[in-house]
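First residue of the sequence shown? That's 24 in our numbering, and the numbers climb one at a time after it. For every residue, glycine included, the Cβ atom is placed at its ideal position computed from N, Cα and C. As the structure is a computational prediction, the values presented were derived from the model and not from experiment.
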Amino acid sequence: MTGGNFRLLTRLLTEIERVLHVNDLVSNEVVEAARDSLVIGTS
Numbered sequence: 024m025t026g027g028n029f030r031l032l033t034r035l036l037t038e039i040e041r042v043l044h045v046n047d048l049v050s051n052e053v054v055e056a057a058r059d060s061l062v063i064g065t066s
C-alpha cells in the first residue's frame, strides 16, 4: 500500500535517533583528544 516507504521512514527515524544519542555521548574534549592523536599529512 505505501510501497515500502513506511518501512524506510521507520529505519531512517531509528538511525537519526541513534546518531543523536551518540552525539550526546561525544564531548568536545573527546573530539579534541582524538584530533590531537591523529597524524594526517605534515604539520
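Work out the CA separation of residue j and residue i for me, nearest whole Å.
i	j	result
LEU43	LEU36	11 Å
ARG41	ASP59	26 Å
LEU31	GLU38	11 Å
LEU48	ARG34	22 Å
PHE29	ASN46	26 Å
VAL62	ALA56	12 Å
Mapping the DSSP letters down to three states, classify residue i as helix, strand or coil.
i	result
LEU61	coil
VAL49	coil
Looking at chain D, is there any beta carbon in it that lies within less than 8 Å of the beta carbon of residue i?
i	result
LEU43	Given the protein chain composition of this structure (a single chain), no chain D is represented.
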